[in-house]
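A.B. asks: Take this structure, written in structure tokens, and hold onto it; I'll ask about it next.
Numbering (our numbering), first residue to last: 265 to 484.
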């Protein structure tokens with residue numbers, strides 16, 4: 265096998281795994297009735313944007329409003345059948361498969377088998393299949409978390425402005441969907457500080473701290 269045919273073959277394998285992941289997530293997606301949290305999502309999606317923001321602002325134990333705002337717009341376009349309410353999480357769950365592949369490729373460039381096995385396990389994971397057929401924000405958060413990690417790898421290795429901007433933007437959007445996203449951001453910030461300490465660079469430490477704080481700005 266030539267060197268040029270290997271990447272092409274890998275792309276075809278990834279495409280096949282991703283399509284299989286999508287098919288599994290769409291299979292019988294509308295057959296089950298809505299669970300309590302899904303029904304709450306559907307009900308809140310009928311409110312106006314102002315009502316959604318006001319409710320989440322005043323509620324003591326609620327997620328950030330971005331999921332409900334997204335579902336309000338989604339419902340206006342596609343309706344509120346069980347299948348349509350779950351379609352966005354299913355699409356995001358399938359998108360997580362190539363994103364996981366790309367993250368592994370960034371982290372371990374020479375490990376072709378590792379990234380393909382990662383994609384396959386993501387596609388077939390029963391837990392991810394379950395959440396991909398639930399009208400909640402969890403697969404959206406997963407996709408954004410993977411985007412954040414990919415951008416972080418690019419920012420560290422290439423030091424491009426777009427990578428840093430993408431990292432901050434992914435984290436901003438992610439925290440708009442789920443408050444526990446701060447746990448990942450905290451780990452990413454610690455990683456940046458450890459890299460700076462290893463290089464004995466106070467500028468790197470300062471840059472890492474600033475980037476992390478910028479990522480946390482939406483919930484500050």
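By construction, the Cβ of each residue, glycine as well, lies at the ideal position given by its N, Cα and C atoms.
1. Kindly indicate which three-state DSSP category residue 275 falls into: helix, strand or coil?
2. Tell me whether the region 390 to 407 and the region 311 to 322 touch, counting them as touching only if at least three CB pairs, one residue from each stretch, are closer than 8 Å.
3. Using a Cβ distance threshold of 8 Å, determine whether the region 397 to 412 contacts the region 426 to 437, with at least three qualifying pairs required.
4. Among 334, 275, 346 and 288, which residue has its Cα nearest to the Cα of residue 300?
5. What first and last residue would you give for the alpha helix (DSSP H) that runs through residue 390?
6. Report the three-state DSSP secondary structure of residue 353 (helix, strand or coil).
7. When DSSP labels each residue in this structure, what does residue 332 get in the three-state scheme?
8. By the DSSP assignment, the alpha helix (DSSP H) with residue 321 in it spans what residues?
9. Assuming residue 404 and residue 353 make a contact with CB atoms under 8 Å, what is their CB distance in whole Å?
10. Rounded to the nearest angstrom, what separates residue 338 and residue 387 at their Cα positions?
11. For residue 348 and residue 342, which I take to be in contact (beta-carbon distance under 8 Å), what is that distance rounded to the nearest angstrom?
12. Note the first and the last residue of the continuous alpha helix (DSSP H) segment covering residue 345.
13. Please confirm if the region 415 to 426 is in contact with the region 374 to 381, defined as three or more CB-CB distances below 8 Å between the two stretches.
C.D. replies: Once the coordinates are examined:
1. Reading the chain shown from its first residue, position 11 is the one you call residue 275. Residue 275: helix per DSSP, three-state reduction.
2. no
3. yes
4. As a first step, residue 300 is located in the chain shown; it is residue number 36 there, counting from the start. When only C-alpha atoms are compared, the closest one is 346.
5. By one-based count along the chain shown, residue 390 stands at place 126. Per DSSP, residue 390 belongs to the alpha helix (DSSP H) from 390 to 396.
6. Numbered from its first residue, the chain shown carries residue 353 at position 89. It is helical.
7. Taking the chain shown and counting its residues from 1, the one referred to as residue 332 is at position 68. Note: residue 332 maps to helix in three-state DSSP.
8. Here residue 321 is taken as the residue at index 57 of the chain shown, counted from 1. Per DSSP, residue 321 belongs to the alpha helix (DSSP H) from 313 to 322.
9. In the chain shown, counting from the first residue as 1, residue 404 sits at position 140. In the chain shown, counting from the first residue as 1, residue 353 sits at position 89. Their Cβ separation, rounded to whole angstroms, is 7 Å, which keeps residue 404 and residue 353 in contact under 8 Å.
10. Along the chain shown, read from residue 1 onward, the residue named residue 338 stands at position 74. Along the chain shown, read from residue 1 onward, the residue named residue 387 stands at position 123. If you take the alpha carbons of residue 338 and residue 387, they lie about 24 Å apart.
11. If you number the chain shown from 1, residue 348 lands on position 84. If you number the chain shown from 1, residue 342 lands on position 78. Their Cβ separation, rounded to whole angstroms, is 4 Å, which keeps residue 348 and residue 342 in contact under 8 Å.
12. Taking the first residue of the chain shown as position 1, residue 345 is located at position 81. Element bounds for residue 345: n/a, residue is neither H nor E.
13. no
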